[in-house]
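Quick note on the UniProt record's numbering: the sequence shown kicks off at 3 and runs consecutively.
We put the CB at the ideal spot given by N, CA and C, even for glycine.
Just so we're clear, the structure is a prediction, and the values are computed from it rather than from any experiment.
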Amino acid sequence: LKYSTARFVASYGEPEQLPEPTEPEIAFCGRSNVGKSSLLNKLVGRKALAKVSSQPGRTANVNFFEVDGVAFVDLPGYGFARVSKAERKRWSNLIGGYFEQNRSFNLVVALVDIRLDAQQLDRQMLGFLQERELPFIVALTKADKLGRNKQSQQRASLARQFCIDPEAMVITSSQTGLGIDEIRRRIQRAVDD
Ligand code: GDP
Numbered sequence: 003l004k005y006s007t008a009r010f011v012a013s014y015g016e017p018e019q020l021p022e023p024t025e026p027e028i029a030f031c032g033r034s035n036v037g038k039s040s041l042l043n044k045l046v047g048r049k050a051l052a053k054v055s056s057q058p059g060r061t062a063n064v065n066f067f068e069v070d071g072v073a074f075v076d077l078p079g080y081g082f083a084r085v086s087k088a089e090r091k092r093w094s095n096l097i098g099g100y101f102e103q104n105r106s107f108n109l110v111v112a113l114v115d116i117r118l119d120a121q122q123l124d125r126q127m128l129g130f131l132q133e134r135e136l137p138f139i140v141a142l143t144k145a146d147k148l149g150r151n152k153q154s155q156q157r158a159s160l161a162r163q164f165c166i167d168p169e170a171m172v173i174t175s176s177q178t179g180l181g182i183d184e185i186r187r188r189i190q191r192a193v194d195d
């Protein structure tokens with residue numbers, strides 16, 4: 003994919019507003035503050051295509067980007083505690099509504115912080131993807147915060163905790179660029195399939 007062609011398309015706050023399924027489509031999901039915007043920006047080589055926020059919980063919409071004819075869908079970060087119950091419900095409806103649609107889902111990139119043991123909401127998200135048999139990979143984020151040995155230990159441990167093939171987990175850092183080419187390769191493969 004020519005990542006330099008990346009452009010923002012539109013932002014949606016309600017599942018009913020989501021556009022007709024396009025093909026191919028790559029979705030990105032993860033807990034709020036996991037580093038999703040940073041990873042998206044790193045992938046496309048842009049500083050601020052997706053907004054990186056120091057205040058978690060700000061990307062409460064589904065954002066559609068287009069990269070060389072492929073839709074990149076940035077789902078709202080889940081699990082941010084300091085918002086109202088109603089707002090949290092809106093987010094989960096948005097994420098649920100998106101996955102309920104009859105879309106192509108070439109690949110879902112689920113982001114998980116490499117430093118944390120399996121979190122309840124990540125278990126739910128990954129469990130859902132497995133149950134639905136959707137093609138997904140896990141991007142383990144912020145790996146620069148751990149040493150090399152600890153990174154692979156933590157990958158093996160999280161693979162066990164989530165019952166996921168470690169091959170489906172890519173160690174990444176948006177800070178150093180670690181794993182970014184590998185994510186691009188997995189996306190390319192999913193698009194070509
Ligand atoms: P989002 O809420 O998932 O979109 O997360 P952001 O991309 O906005 O990042 C949340 C915070 O984590 C910001 O302070 C980022 O600078 C930081 N962050 C994101 N990716 C990395 C990374 O790879 N390494 C480190 N050290 N920090 C990161």
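- Per DSSP, L109 is one residue of the beta strand (DSSP E) stretching across 109-115.
- In this structure, V114 is the residue among R105, V11, V114, F30 with its C-alpha nearest to the C-alpha of R157.
- A Cβ-Cβ contact shorter than 7 Å links A52 with S39.
- A direct Cα-Cα distance of roughly 16 Å separates R84 from V36.
- Counting of Cβ neighbours within 10 angstroms places R187 among the exposed residues, the total staying below 16.
- Under DSSP, the beta-bridge partners assigned to N65 are S13, D76.
- Closest in C-alpha terms to G71, from the list K4, Q121, L77, comes K4.
- The three-state secondary structure of A29, taken from DSSP, is strand.
- Contact between the stretch 163-174 and the stretch 63-78 is absent, with fewer than three C-beta pairs closer than 8 Å.
- At least one heavy atom of the ligand GDP falls within 6 Å of the beta-carbon of S40.
- About 15 Å separates the CB atoms of G98 and G32; that is not less than 8 Å, and the two are not in contact.
- In the displayed model, V172 falls within a strand according to three-state DSSP.
- Three or more Cβ pairs closer than 8 Å define a contact, and the stretch 114-129 falls short of that threshold against the stretch 16-29.
- Each residue's CA atom was taken as its position, placing I166 and R9 some 32 Å apart.
- In the DSSP assignment, the residues bridged to I139 are V111.
- Taking 6 Å as the cut-off, one finds no heavy atom of the ligand GDP near enough to the beta carbon of D115.
- DSSP, read as helix, strand or coil, puts L148 in coil.
- Taking all protein chains in view, the Cβ of K147 is surrounded by fewer than 16 other Cβ atoms within 10 Å, so the residue is classified as exposed.
- Separation of the CB atoms of A120 and F164 is rounded to 6 Å, and the pair is thereby assigned contact status at 8 Å.
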